[in-house]
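Reading through the structure tokens given below for one structure.
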Amino acid sequence: MHSGLLISHADPRPMYLQIIEQIRHRIAIGDWQAGQELPSIRALAASTQVSVITVKRAYLELERDGVIVTRQGKGSFVAEHADLGLQLHRRQLDQHLAEAARLGHVLGLATPQMVERLEAAIGAHQRRGSSEEIEDE
Amino acid sequence: MSDAVIDLDGVDKKYRFFQLSDVTLRVVPGQIAGFVGPNGAGKSTTIRILMGMIRADRGSVRVLGRSMPREQAAAKWDIGFVSEDMRLHTSATVGWHMRFIASIYPGWDAAYADTLLRRFNLHAEQPVKVLSHGERVKAALLLVLARRPRLLLLDEPTTGLDPVARHEILGELMEVVTDERRAILFSSHNTQDVEQISDQITFIDRGRIIDSSDKETFLDRWRRLHLEVASGSLPPTFPGVVDTVVSGRTAIATTRAFTAELPAAYQRAGVTVRQIQRLTLEEIFVANVMNNRGPQ
């Protein structure tokens, strides 16, 4: 079975994070539905050609975040409320945006100027491939 | 009682110009272990000791639960060994070798062998002498893979191969450990291959094991911190920091024991942490070797 996951060596993020983000994305866009069985750790390791320990770590973190559930001897499945983690991220984003809007108002920035700044921030993020991390994930 | 497929403990082997000292190495089923070291570090000697081809001067050598070299005849049924100087008969064909190995090993999987022929783009009628280096490596790997041994000992299996051949071989190795009873030890100085597929990594330099850990731990613990210090002052040093290079107000610290506590400790000492970077396995390897060798 082909998982459709692909690990890039040009991507500065560690391999386990790439796996986590791609799985979260597959779930977020509905490719992988709640309750659906994920490939086994060893099958996904073989199909992505990435070590078993790396895939295991990605699954453990996804499990810890409530995105997947692992049943002993049965395999791993997309959690019934897998979007909880995503909802959390969305809420965080909304909070940051609200804070940005408040600061923009303090500085007297007009809406187009704010949009320009957001676009610049997105551009900068894409250029550095979200590689810079000051805080440990 | 140990369920390790490889259990080397305190192994010494002395030669006139080189010696292995106190080599300890453990590999458990289901693992791919990467064995990394510069040329002449002792990788091949260690693998030959595991194969029972060389007797250690001291220490214990157990492979698949058997003591080597005493029980090598029994152990070798379930070991697949590939090295750079593979002994293939140059005038015989790939197919002749396949039939020869099939006649010796009852576990030979003819269907898998045919699949590998196609995947590796080899032909049974080809005499070995017309094969390129990469094709010979693939032929040698085919001959051991189709036996489905529990343990593969591969000495530099990807050295000198083109990217496509390397990709094919790494894919086959990953396929092996879909069976969690099987294991692979492969030596390499190509750290990218090791970083990609290994679960456990061991560094060897000048006949000594200098570091060994699971791959995720290696990649997590080693970090580079870009620091900004007050002019005329030096950054403090903390446990685990193996190297600090200062240039003006900029300093770069390399640590082998990163935790979130480290940047906090720098901040408390009045040093600004500008950036924290991960290291590739290659950078970790070089830093590890240099740190271990000390000032030259």
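Residue numbers (the numbering used here), protein chains in the order written: chain A, 1 to 137; chain B, 138 to 433.
Built from N, CA and C at the ideal position, the CB exists for glycine as well.
query: Touching by the beta-carbon criterion (3+ pairs, under 8 Å), the region 195-207 of chain B and the region 144-151 of chain B; result: yes
query: Three-state secondary structure assigned by DSSP to H260/B; result: coil
query: 8 Å CB neighbourhood of E133/A in its chain, flanking five on each side removed; result: Low confidence applies here, because E133/A scores a pLDDT of 45, under 50, leaving its location unreliable and the question unanswered by this model.
query: Partner residues on chain A for V378/B, Cβ-Cβ distance less than 7 Å; result: Simply none; closest approach about 16 Å.
query: Residues that I53/A contacts on chain B, provided the C-beta gap is smaller than 7 Å; result: D336, D351, K352, E353
query: DSSP beta-bridge partners of T387/B; result: E365/B, S384/B
query: Collapsed DSSP secondary structure at A124/A in the structure displayed; result: helix
query: S349/B to V173/B span [Cα, whole Å]; result: 10 Å
query: Contacts of Y16/A in chain B (Cβ-Cβ under 8 Å); result: E353
query: Nearest residue (CA-CA) to E113/B, options F355/B, W359/B, S384/B, I347/B; result: Shown here, chain B extends from 138 to 433; a query on residue 113/B therefore has no answer.
query: Those runs of the beta strand (DSSP E) which lie wholly inside the region 27-83 of chain A and span at least 3 residues; result: 68-71, 75-78
query: Contacts of L298/B in chain A (Cβ-Cβ under 8 Å); result: Ordered by position in chain A, no residue passes the 8 Å Cβ test against L298/B, which lies about 15 Å from the chain.
query: Those residues which DSSP pairs with K151/B across a bridge; result: Q156/B
query: A248/B in three-state terms, based on DSSP; result: helix
query: Cβ pair count under 8 Å reaching 3, the region 161-172 of chain B against the region 334-354 of chain B; result: yes
query: Under 9 Å from the C-beta of R318/B: neighbouring residues of chain A; result: Within chain A, no residue comes near R318/B; the closest Cβ sits about 12 Å away, beyond 9 Å.
query: Interface residues of chain B facing A43/A [CB-CB closer than 8 Å]; result: T315
query: Nearest-angstrom Cα separation, counted from L103/A out to A302/B; result: 55 Å
query: T392/B - partner residues in DSSP beta bridges; result: R360/B, V378/B
query: Contact with chain A by Q333/B, beta-carbon distance below 8 Å; result: yes
query: Beta-ladder partner(s) of F218/B, from DSSP; result: L290/B
query: Proximity below 8 Å, CB of I20/A to CB of V78/A; result: no
query: Neighbour-count burial assignment, S76/A, 16 or more Cβ in a 10 Å radius; result: buried
query: Sequence-distant residues of its chain with Cβ nearer than 6 Å to S69/A (five each side left out); result: First, the residue type needs correcting, since residue 69/A is Val and not Ser in the sequence shown. Closer than 6 Å at Cβ, skipping near neighbours: F77, A79.
query: Simplified DSSP state of S370/B, which is helix, strand or coil; result: coil
query: Chain A residues whose Cβ lies nearer than 9 Å to that of L307/B; result: Q49
query: Contacting residues, own chain, Cβ-Cβ under 8 Å from I23/A (five flanking each side not counted); result: L5, W32, L38, A58, L62, V67, I68
query: DSSP state of R90/A mapped onto helix, strand, coil; result: helix
query: R236/B (DSSP reduced to helix, strand or coil); result: helix
query: Any C-beta of chain B under 8 Å from that of E137/A; result: Any answer about E137/A is weak, because its pLDDT of 38 lies below 50 and its placement is not dependable; what the coordinates show is given next. Not an interface residue.
query: Delimiting residues of the alpha helix (DSSP H) encompassing S181/B; result: 180-187
query: Beta carbon proximity, V142/B to chain A, threshold 8 Å; result: no
query: Range of the contiguous alpha helix (DSSP H) that encloses T328/B; result: 328-334
query: Where the region 158-183 of chain B meets chain A: residues whose CB sits under 8 Å from a CB there; result: G167, Q168, I169
query: Under 9 Å from the C-beta of R57/A: neighbouring residues of chain B; result: E353
query: Unbroken beta strand (DSSP E) run spanning L322/B, endpoints; result: 320-325
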